[in-house]
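Enquirer: Mind looking over this structure? Questions follow.
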């Protein structure tokens, strides 16, 4: 994210002395991507950010996955993962249930009502979509306010915690990358400014506005990281609270962006999914489907044409509105459809014909396309609608 921000107290020149009012030195930390060769930020701490007093194992929630074999499309009913009032004792970090995953990205769902512990994902960036509810996300850079429809983009290794607000549960769809995530390169100038054809711009990105300071000793931070055997968790204990930053500047920081600020690109005939793209990571992309005027050629068919996923799995999270192409399939708010590579998919029976003459779609969905096959996590297996694969034919396997 090459969009410079400066927050709090920083010195006139980087890598020079920066002192408090009592004459003590602040401790400068460079947080940067790709070694020293990409976007970064400089943070100024009251205490050394590397000081720890303990390190022990954190047992991660279940991370195992099961291949989509035999191959078939799937419908996952995510609300079934959190029935009743159990959300009141769940938090956004430790309460996540893995829905789908591969070596590049993991998709999880959580319904939470409790403050999370401090957390740092050291495997890649996170993009968390807030389906409903509100939260304050406290980070080492400052606080963010997250509301329904917001993406919360958290750079790799950002220490943070989720604090739900209000009487309603916080429902969140977490996209955890094994890489960095940012706007599609075609939206940006060679210097990183959003171009005129981009469906969103810098004004739609909301970063922290002031430093966030907190006190505490022997403070625990949950860290998700990698070993040669896969994902593991560690609890690091710090002698001082990590939220001791007096100022920072740079082009790497957490921010929010509302799906409602995404301006859809439309045309006379049906536009392909890349026009809906909002983010990209290594071997996957994220797209928005938002309320919009649809195809206005006099002979247009507004719903998608049938298409084969030659190179990718297509994962659609239905988070609002009335998704025209899936009527009659059982898909509703909180559903996920899985249309894997090697399978031709498209509108449900009758949707193709019903869409003729329609000029507006009132739908809201977050799509993740991956370029390696996704496998089902324990959450995905627990909430599958086993009848979905046969809805185009009207019957299932012969008994």
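Numbering (UniProt numbering), first residue to last: 1 to 399. Note that beta-carbon positions come from the ideal geometry of N, C-alpha and C, so glycine has one too. All figures in this text were calculated on a predicted structure; none of them were measured in a lab.
1. Can you find the residues in the same chain that come closer than 8 Å, C-beta to C-beta, to residue 341, ignoring five residues on each side of it along the sequence?
2. Below 8 Å on the Cβ atoms is my contact criterion, and I expect residue 323 with residue 384 to pass it. Report the Cβ-Cβ distance as a whole number of Å.
3. Helix, strand or coil for residue 150? Go by DSSP, reduced to three states.
4. Return the bridge partner residues of residue 370 from the DSSP annotation.
5. Taking the C-alpha atoms as reference points, what is the distance between residue 269 and residue 355?
6. Going along the chain, which residues of its own chain have a beta-carbon closer than 6 Å to the beta-carbon of residue 179, five neighbours each way excluded?
7. In whole angstroms, what is the alpha-carbon distance linking residue 174 and residue 16?
8. According to DSSP, what are the bridge partners of residue 308?
9. Between the C-alpha atoms of residue 156 and residue 300, what's the straight-line distance to the nearest angstrom?
10. Considering Cα atoms alone, identify which of 114, 106, 105, 64 is closest to residue 86.
11. Specify, as a first and last residue, the run of the alpha helix (DSSP H) that residue 379 falls within.
12. Are residue 144 and residue 152 touching if we call contact CB-CB under 8 Å?
13. Taking residue 285 as the reference, give the member of 149, 302, 196, 126 with the closest Cα.
14. Spatial neighbours of residue 8 within its chain, please: CB distance less than 6 Å, with the 5 preceding and 5 following residues excluded, ordered by chain position.
15. Please work out which residues of its chain come closer than 7 Å, Cβ to Cβ, to residue 135, disregarding the five sequence neighbours upstream and downstream, and give them in chain order.
16. Here's the rule I'm using: 16 or more other beta-carbon atoms within 10 Å means buried, otherwise exposed. How should residue 52 be labelled?
17. Let me know if residue 185 comes out buried or exposed under the rule of 16 or more other beta-carbons within 10 Å of its beta-carbon.
18. Using a Cβ-Cβ cut-off of 6 Å (strictly less than) and excluding sequence neighbours within five positions of residue 181, which residues of its own chain qualify?
19. Reducing DSSP to helix, strand and coil, say where residue 86 ends up.
20. Tell me the DSSP secondary structure of residue 293 in three-state form.
Expert: This is what the structure gives:
1. One-based indexing of the chain shown puts residue 341 at position 341. Here the set comprises 309, 310, 311, 312, 313, 373.
2. Within the chain shown, residue 323 is the residue found at index 323, counting from 1. Within the chain shown, residue 384 is the residue found at index 384, counting from 1. Contact flag wrong, Cβ pair sits at about 19 Å.
3. Position 150 of the chain shown, counting from 1, holds the residue named residue 150. It is a strand residue.
4. Against the chain shown, residue 370 aligns to sequence position 370. Residue 370 is bridged to 284, 313.
5. As a working mapping, residue 269 is identified with position 269 in the chain shown. As a working mapping, residue 355 is identified with position 355 in the chain shown. C-alpha separation (whole angstroms): 13 Å.
6. As a working note, residue 179 is residue 179 in the chain shown. Hits under 6 Å: 124, 281, 282.
7. Taking the chain shown and counting its residues from 1, the one referred to as residue 174 is at position 174. Taking the chain shown and counting its residues from 1, the one referred to as residue 16 is at position 16. Distance from the CA atom of residue 174 to the CA atom of residue 16, rounded to whole angstroms, is 38 Å.
8. Position 308 of the chain shown, counting from 1, holds the residue named residue 308. For residue 308, which the question treats as bridged, DSSP gives the partners 344.
9. Counting from 1 along the chain shown, the entry for residue 156 is found at position 156. Counting from 1 along the chain shown, the entry for residue 300 is found at position 300. Going by the C-alpha atoms only, they are around 43 Å apart.
10. Counted from its first residue, the chain shown places residue 86 at position 86. Residue 114 is the option with its Cα nearest to residue 86.
11. Taking the chain shown and counting its residues from 1, the one referred to as residue 379 is at position 379. From DSSP, the alpha helix (DSSP H) with residue 379 extends over 378 to 382.
12. Walking along the chain shown from the start, residue 144 turns up at place 144. Walking along the chain shown from the start, residue 152 turns up at place 152. Yes, these two residues count as a Cβ contact at 8 Å.
13. Stepping through the chain shown from its first residue, residue 285 is reached at position 285. In terms of CA proximity to residue 285, 126 leads the group 149, 302, 196, 126.
14. Counting from one through the chain shown, the residue named residue 8 turns up at place 8. Closer than 6 Å at the Cβ level, and outside the excluded window around residue 8, lie 211, 246, 247.
15. Translated into the one-based positions of the chain shown, residue 135 becomes position 135. Around residue 135: 146, 162, 163, 164, 165, 170.
16. Position 52 of the chain shown, counting from 1, holds the residue named residue 52. Counting Cβ neighbours within 10 Å, residue 52 comes out exposed, since fewer than 16 surround it.
17. Locating residue 185 in the chain shown gives position 185, counting from the first residue. The residue is exposed, with fewer than 16 neighbouring Cβ atoms inside 10 Å.
18. Residue numbering aside, residue 181 sits at position 181 when the chain shown is read from its first letter. Around residue 181: 125, 127, 279, 281.
19. The sequence position of residue 86 within the chain shown is 86, counting from 1. Residue 86 carries a helical assignment under DSSP once its states are collapsed to helix, strand and coil.
20. Stepping through the chain shown from its first residue, residue 293 is reached at position 293. Reduced to three states, the DSSP call for residue 293 is strand.
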